[in-house]
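In what follows, a single structure is set out as structure tokens and then discussed.
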Amino acid sequence: MATKKQRSTKRSSSLAERRQRGLVVFVVRILSWVAICVLVLALLAGIVVGLKSVFFTSNPHFVLQNIAVNATGRLRQKEVVALLRDGHVIPGESNIFNLDLQEIREQLELNVMIDQATVARRLPSTLLISVYERQPVACLRCRPQRLLDDEGCILPPRQGERLLPLPEITGVKGTRSLRVGRRITDDLVLASLRFIHLVATRPDGRFYDIETIQLDYSAPALIVFLRPRGTFRNGARVILPTQGITEAMDRLMVIINKRTRARQSTSFINATYEINVPVKK
1035 MATKKQRSTK RSSSLAERRQ RGLVVFVVRI LSWVAICVLV LALLAGIVVG LKSVFFTSNP
1095 HFVLQNIAVN ATGRLRQKEV VALLRDGHVI PGESNIFNLD LQEIREQLEL NVMIDQATVA
1155 RRLPSTLLIS VYERQPVACL RCRPQRLLDD EGCILPPRQG ERLLPLPEIT GVKGTRSLRV
1215 GRRITDDLVL ASLRFIHLVA TRPDGRFYDI ETIQLDYSAP ALIVFLRPRG TFRNGARVIL
1275 PTQGITEAMD RLMVIINKRT RARQSTSFIN ATYEINVPVK K
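Numbering (the numbering used here), first residue to last: 1035 to 1315.
In structure tokens:
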């Protein structure tokens, strides 16, 4: 009986060893195939990179020769090209397929005067650049005078350039700390810019010719002084809340339409009231 058990044990042990060897062989084969596949892929990648270098990134046919700039505002092509040179985008040296278009766009948009930029390639050797300049929509009454775009970005002064009369925002706190290129965070100034934007985009905006916006931090409110237009007298005042400006302008539109039809002049409206809005001739 002991002999039979020993034989059975030996057979089981031998079977286990064969299975183990078979598993090892299988794993070795799999690893070999994986290694071969990796080598093949690496070889193909090397071939692709080499072909790309030969036909594109190292091809003198695709060396940058021209930078075509379409700019709004006062930015000129030479100024945009100078910004690109700072980022090592140089005609006669750079290959257009080596240029990171997104990086170039982001670099251009770091300039305080550029709101948005688009960058594209035109084969074989031209880079197409479109830049959209930030436009001032208001100025702060302070020394030195500060120009603001509609997002509250502080723009550099425009020497020797005639601007259309811009609404002037007065009574701003902390003007000494304002720096060109930064965004203003004052809630009342941002509310003023919101009102200016609505005047420029709403149909009833034609009723307003804004001269000055005085900030009232105690209310808080915006005191808007107007030039004469339609029902409004010279120096007419409109008081607006800093929150809910759109709704306040809706109330104003109803009042202005009624007074315009009745040919009544207006010197004062307090639109911070939601009902029984105070109005003076």
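From the three backbone atoms N, C-alpha and C, an ideal C-beta is built for every residue, glycine too.
- For R1267, the enclosing beta strand (DSSP E) stretches over residues F1266 to P1275.
- Per DSSP, the beta-bridge partners of K1314 are F1302.
- Counting along the chain, Q1141 sits inside the alpha helix (DSSP H) bounded by residues L1135 to E1143.
- Sequence-distant Cβ neighbours of N1268 in its own chain, meaning closer than 7 Å and more than five residues away, are R1261 and P1262.
- Here the C-alpha atom of S1159 lies approximately 20 Å from the C-alpha atom of E1113.
- For R1180, the closest of V1153, G1208 and A1154 by C-alpha to C-alpha distance is G1208.
- Relative to the Cα of V1165, the nearest Cα in the group N1100, R1139 and V1171 belongs to R1139.
- For V1214, the closest of A1076, P1170 and T1204 by C-alpha to C-alpha distance is P1170.
- Within the model, the alpha-carbon separation for A1253 versus S1226 is close to 14 Å.
- One thing to note: A1154 has its Cβ no nearer than 7 Å to the Cβ of E1143.
- I1124 counts as exposed, since fewer than 16 other beta carbons sit within 10 angstroms of its beta carbon.
- Its chain contains T1265 and T1300 as the residues whose beta carbon lies nearer than 6 Å to that of R1293, once the 5 sequence neighbours on both sides are disregarded; these appear in chain order.
- Only exposed fits F1060, as fewer than 16 other CB atoms lie within 10 angstroms of its CB.
- Ranked by Cα distance from G1186, the first of S1211, A1172, C1176 and P1199 is A1172.
- A check of alpha carbon separations from K1314 across F1302, T1306 and E1308 identifies F1302 as the nearest.
- Assignment of beta-bridge partners to I1289 by DSSP yields no partner.
- Distances from the CA of L1157 to each of V1258, L1174, F1131 and C1176 were compared; the closest alpha carbon is that of F1131.
- In this structure, DSSP gives I1309 a state outside helix and strand, which the three-state scheme calls coil.
- From the listed residues Q1136, N1304 and L1162, the smallest Cα separation to A1270 is found for N1304.
- In the three-state DSSP reduction, C1173 falls in the strand class (E or B).
- Relative to the Cα of L1249, the nearest Cα in the group I1273, L1161, V1115 and L1189 belongs to I1273.
- For T1235, no beta strand (DSSP E) encloses it; the enclosing alpha helix (DSSP H) starts and ends at D1221 to T1235.
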